[in-house]
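Novice: My structure is below; once you've seen it, I'll send some questions.
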Amino acid sequence: MSTAKAGDTVRIHYTGTLTDGSTFDSSQGRDPLEFVIGSGQIIPGLDAAMPGMAVGENKTVSIPCAEAYGEADPSRLQQVPRGEIPDHIPLEAGLVLQAQGPDGNVIQFTVREFNDEAVTLDANHPLAGKDLIFEVELVSIG
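Okay, so the sequence shown: first residue is 378 according to my numbering, each after it adds one.
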């Protein structure tokens with residue numbers, strides 16, 4: 378029986394949970410996720426867990442935040458005057474906003490908190506600073 382190795386194109390089904398057991402993503406009801414092992418297409422900790430798996434094998438993978446989306450970076454928090462957010466946007470904590478950066482790229486921000494004077498925006502990935510657990514099934518190699 379062959380096993381997955383770096384450079385192989387694989388397809389997996391997965392469920393990703395936080396350490397509190399809450400699910401943040403899953404391939405349930407969708408096509409399996411396809412990627413090339415070692416190509417950097419997925420988070421490093423999950424990528425590193427794939428070599429040696431056989432088709433049909435299931436595995437639980439615990440990934441520290443440093444091997445997932447990294448630590449949350451406090452410098453990516455920004456406070457802006459409330460007046461800079463258009464009035465038609467109903468602010469609430471957790472709301473994801475998009476803005477165009479000076480280089481023309483789109484930046485996503487999550488509203489962390491707000492009051493009448495200011496809005497605190499967070500440009501960290503929503504899973505930054507979190508340890509992750511994946512239930513993985515290798516569906517195919519090649």
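A virtual CB, placed ideally from N, CA and C, is assigned to each residue, including glycine.
#1: Just to confirm before moving on: does the CB-CB distance between residue 515 and residue 430 stay below 7 Å?
#2: What is the DSSP secondary structure of residue 495, reduced to helix, strand or coil?
#3: For residue 445, which of helix, strand or coil comes out of DSSP?
#4: Tell me where the beta strand (DSSP E) around residue 458 begins and ends.
#5: So what does DSSP say about residue 476, is it helix, strand or coil?
#6: For residue 443, which of 511, 519, 504 and 517 has the nearest alpha-carbon?
#7: Please classify residue 401 as buried or exposed, where buried requires at least 16 neighbouring CB atoms within 10 angstroms.
#8: Assign residue 435 to buried or exposed, taking buried as 16 or more other Cβ atoms, counted over all protein chains shown, within 10 Å of its Cβ.
#9: Write down every uninterrupted run of the beta strand (DSSP E) in the segment 378 to 443 whose length is 3 residues or greater and which is fully enclosed by it, in chain order.
Specialist: Taking the geometry as given:
#1: Locating residue 515 in the sequence shown gives position 138, counting from the first residue. Locating residue 430 in the sequence shown gives position 53, counting from the first residue. For residue 515 and residue 430, yes; Cβs fall inside 7 Å.
#2: On the sequence shown, residue 495 is found 118 positions in, with the first residue counted as 1. Strand, per DSSP.
#3: By 1-based counting over the sequence shown, the position of residue 445 is 68. In the displayed model, residue 445 falls within coil according to three-state DSSP, outside both helix and strand.
#4: Within the sequence shown, the letter at position 81 stands for residue 458. Judged by DSSP secondary structure, residue 458 falls within the beta strand (DSSP E) whose first and last residues are 454 to 458.
#5: Numbered from 1 along the sequence shown, position 99 holds the residue referred to as residue 476. Three-state result, residue 476: strand.
#6: Within the sequence shown, residue 443 is the residue found at index 66, counting from 1. When each option's Cα is compared against that of residue 443, the closest is 504.
#7: Locating residue 401 in the sequence shown gives position 24, counting from the first residue. Exposed is the call here.
#8: Position 58 of the sequence shown, counting from 1, holds the residue named residue 435. With fewer than 16 other beta carbons inside 10 angstroms of its own, residue 435 counts as exposed.
#9: Whole beta strand (DSSP E) segments, 3+ residues: 386 to 395, 400 to 403, 410 to 413 and 435 to 440.
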